[in-house]
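Residue numbers (our numbering), protein chains in the order written: chain A, 17 to 359; chain B, 116 to 410.
One structure below.
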């Protein structure tokens with residue numbers, strides 16, 4: 017009998033629970049020890065990007081959909097969270113005739129961090145619904161180009177909108193007190209919060225992947241026509257996967273805005289979309305832990321090579337080419353392949 | 116001097132001209148993308164970087180070999196095309212059996228490398244490129260002033276686009292190309308060297324991008340990031356047009372350039388985003404693109 021082999025991960029289902037559980041325990045242990053070894057700021061950056069990459073991986077690794085516009089959700093959630101934490105007032109423009117706009121103003125006070133993050137994530141979810149329902153109308157390469165174009169459009173909005181501060185971004189965002197109790201200006205407290213957010217989202221993604229929904233998603237990735245003929249409304253599954261991925265990417269972006277007290281154009285630009293692709297690719301497409309490993313590698317690289325200036329971009333490009341040509345399984349994918357486990 | 120919809124005619128035609136110029140570049144670039152996609156099934160993300168390489172090639176040829184614009188117009192596409200051929204032979208050819216997305220990722224990496232190297236070498240700010248003496252000045256058409264160089268860009272782009280269309284749709288070579296797009300195995304069985312054709316097609320598509328780069332050099336500065344943002348717009352153009360048809364790519368390119376120019380007159384803030392909005396509308400109404408065939 018012919019075995020169906022998962023092309024991205026090379027499954028050996030026998031010892032799957034062992035491998036994943038061990039890796040998870042190792043990861044949690046590392047997260048506990050890490051702040052005593054490395055700078056909390058670096059770790060929080062790695063965790064935010066790790067979450068971002070995991071969200072992205074949900075779409076490409078399990079749905080087979082390559083989004084080249086995930087910076088849209090990451091960046092906009094970060095803007096919204098930063099704005100809500102710093103200013104709070106929402107002004108929405110609505111047209112009152114040709115070229116004339118009026119503003120609907122909702123006077124809110126600056127929000128506590130948990131609500132700011134929630135707001136940012138919710139906006140990412142809404143953007144995910146809009147962008148997703150457009151993008152899933154085409155497959156494959158077109159899907160990538162559409163997401164890229166939509167993200168670029170929202171980049172221009174971010175450039176022109178008043179609340180984003182244009183080239184300056186939103187600076188000096190207060191971290192505030194979580195639930196009015198925990199003072200987040202303490203680095204270790206902030207780190208703890210980021211770890212909790214990260215682990216929560218990670219477990220959610222894990223749950224999604226192993227749910228019946230996740231199985232249908234994988235079926236669509238392998239053979240969409242067959243999934244349709246089995247009676248699945250594949251567009252709905254793809255849209256839901258897209259929205260989930262966008263929402264979690266938004267959660268990562270919003271958290272990052274609070275941690276770094278900054279939201280800027282860098283986070284919405286398409287180079288950021290490229291970076292998250294690179295992280296996932298380096299770590300291993302379609303592996304649960306790969307995106308995290310990839311994020312740590314890339315963020316670490318950017319940190320240590322920052323003095324090399326333009327060469328960082330070149331090195332990233334070289335890693336891209338190298339991974340695509342010779343290292344398509346990624347770090348975690350290779351390890352999983354070597355030990356014949358699922359990670 | 117007269118007015119149309121309250122806009123002075125010179126401003127209107129001026130923007131229309133800029134729109135046509137942008138349209139020329141969109142057409143040349145999306146044509147290159149379509150040709151490459153047809154044969155290789157790869158979206159060439161490095162297209163913007165190769166456009167930038169074309170402009171830099173012209174700049175460097177002038178700087179170090181003192182070769183003028185017209186020599187560069189021929190030489191730069193050839194040189195950049197040769198780098199394209201090297202890329203196809205060394206890297207892309209190993210990806211044809213894989214998911215198409217890997218081609219996109221590889222060329223994205225290449226774009227990062229190329230842009231990074233040029234930015235390291237020449238800095239982020241642009242280098243001016245002198246307009247050739249023969250094409251300076253302009254003429255007054257009565258309703259507007261037409262700079263000669265702009266007319267030249269539109270003319271060259273139109274001629275190159277139409278020639279490409281003619282070769283692909285109306286000649287024997289083009290028939291081989293189209294046949295190899297449909298069924299490479301069968302065409303190989305007839306004794307035609309399909310891998311070499313694929314290599315040359317990639318080189319040609321890249322050369323088209325470089326040609327656009329040389330044409331752009333005197334208008335915009337020659338700068339490392341000139342291609343980066345442009346390519347995203349061209350992707351949107353390609354989505355709108357659909358990559359199934361050569362003529363479709365040309366018409367969509369010029370048409371969207373004009374629409375963008377007109378938007379600049381009537382609603383300047385929206386001119387950056389209008390092409391993306393049109394893309395969204397086209398996706399809702401006709402998902403396969405205006406000239407596309409449903410896959």
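Glycine is no exception: its CB is placed at the ideal position from the N, C-alpha and C atoms.
In this text the structure is predicted, and so the values were computed from the model without any measurement.
Applying a beta-carbon distance threshold of less than 8 Å, which residues of chain B neighbour residue i?
{"i": "residue 337 (chain A)", "result": "206, 221, 224, 225 and 228"}
{"i": "residue 150 (chain A)", "result": "395, 398 and 399"}
{"i": "residue 320 (chain A)", "result": "Correct list: empty, because the minimum Cβ distance to chain B is about 17 Å."}
{"i": "residue 161 (chain A)", "result": "158, 350, 351, 353 and 354"}
{"i": "residue 365 (chain A)", "result": "Residue 365 (chain A) lies beyond the stretch modelled for chain A, which goes from 17 to 359, so this question has no answer here."}
{"i": "residue 334 (chain A)", "result": "224 and 228"}
{"i": "residue 290 (chain A)", "result": "223 and 227"}
So which residues of chain A does residue i contact, with C-beta pairs closer than 8 Å?
{"i": "residue 209 (chain B)", "result": "341"}
{"i": "residue 402 (chain B)", "result": "153 and 154"}
{"i": "residue 217 (chain B)", "result": "340 and 344"}
{"i": "residue 234 (chain B)", "result": "326 and 329"}
Looking at the strands, I want to know which residues DSSP matches up with residue i.
{"i": "residue 108 (chain A)", "result": "A:120"}
{"i": "residue 255 (chain B)", "result": "B:260"}
{"i": "residue 187 (chain A)", "result": "A:278"}
{"i": "residue 198 (chain A)", "result": "A:194"}
{"i": "residue 337 (chain B)", "result": "B:242"}
Which bits of chain A does residue i rub up against, with CB to CB less than 9 Å?
{"i": "residue 373 (chain B)", "result": "Chain A residues near residue 373 (chain B): none, gap ~19 Å exceeds 9 Å."}
{"i": "residue 406 (chain B)", "result": "Per Cβ cutoff of 9 Å: no residues; residue 406 (chain B) is ~14 Å from chain A at best."}
{"i": "residue 384 (chain B)", "result": "176"}
Along the alpha helix (DSSP H) that carries residue i, what are the first and last residues, could you check?
{"i": "residue 302 (chain A)", "result": "No alpha helix (DSSP H) holds residue 302 (chain A); DSSP gives it neither H nor E."}
{"i": "residue 319 (chain A)", "result": "306-320"}
{"i": "residue 293 (chain B)", "result": "287-297"}
{"i": "residue 355 (chain B)", "result": "343-356"}
{"i": "residue 236 (chain B)", "result": "215-237"}
{"i": "residue 223 (chain A)", "result": "203-225"}
{"i": "residue 369 (chain B)", "result": "361-381"}
{"i": "residue 234 (chain A)", "result": "228-238"}
{"i": "residue 146 (chain A)", "result": "129-151"}
{"i": "residue 306 (chain B)", "result": "Counting along the chain, residue 306 (chain B) falls outside any alpha helix (DSSP H), and DSSP gives it neither H nor E."}
{"i": "residue 405 (chain B)", "result": "That residue, residue 405 (chain B), is in no alpha helix (DSSP H); it is neither H nor E in DSSP."}
{"i": "residue 249 (chain B)", "result": "First-last for residue 249 (chain B): undefined, no H or E at that position."}
{"i": "residue 94 (chain A)", "result": "87-102"}
{"i": "residue 327 (chain A)", "result": "327-342"}
{"i": "residue 357 (chain A)", "result": "No alpha helix (DSSP H) holds residue 357 (chain A); DSSP gives it neither H nor E."}
{"i": "residue 176 (chain A)", "result": "156-176"}
List, in chain order, every chain B residue whose beta-carbon is nearer than 7 Å to that of residue i.
{"i": "residue 172 (chain A)", "result": "387 and 388"}
{"i": "residue 108 (chain A)", "result": "Those do not exist, as residue 108 (chain A) stays about 17 Å from chain B at its closest Cβ, beyond 7 Å."}
Span of the beta strand (DSSP E) holding residue i?
{"i": "residue 65 (chain A)", "result": "Not the beta strand (DSSP E): residue 65 (chain A) falls in the alpha helix (DSSP H), residues 56-79."}
What residues from chain B crowd round residue i, counting only those whose CB sits closer than 9 Å?
{"i": "residue 169 (chain A)", "result": "351, 387, 388, 390, 391, 392, 394 and 395"}
{"i": "residue 293 (chain A)", "result": "220 and 223"}
{"i": "residue 297 (chain A)", "result": "220"}
Who are the neighbours of residue i on chain A, taking C-beta pairs under 7 Å?
{"i": "residue 347 (chain B)", "result": "164, 165, 168 and 286"}
If we cut at 8 Å on Cβ distances, does residue i have a partner in chain C?
{"i": "residue 393 (chain B)", "result": "In the displayed structure, chain C is absent; the protein chains listed are A and B."}
Runs of alpha helix (DSSP H) wholly within the stretch 123-190 of chain B (minimum 4 residues, chain order): Considered as a whole, the stretch 123-190 of chain B harbours 124-155 and 162-180 as its complete alpha helix (DSSP H) runs of no fewer than 4 residues, in chain order.
Cβ-based contacts, 7 Å cut-off: residues of the stretch 156-175 of chain B near chain A: The residues in question are 158.
Interface positions of the stretch 304-320 of chain A facing chain B (Cβ-Cβ less than 7 Å), listed along the chain: Within the stretch 304-320 of chain A, no residue has a Cβ that lies closer than 7 Å to any Cβ of chain B.
Where the stretch 230-260 of chain B meets chain A: residues whose CB sits under 8 Å from a CB there: 230, 231, 232, 234 and 235
Taking any Cβ of chain B, which residues in the stretch 63-96 of chain A have a Cβ under 9 Å from it, in chain order? Within the stretch 63-96 of chain A, the residues whose Cβ lies closer than 9 Å to some Cβ of chain B are 76, 80, 82 and 84, listed in chain order.
Jot down the residue ranges of each uninterrupted alpha helix (DSSP H) in the stretch 246-275 of chain A, minimum 4 residues, whole runs only, in chain order. none
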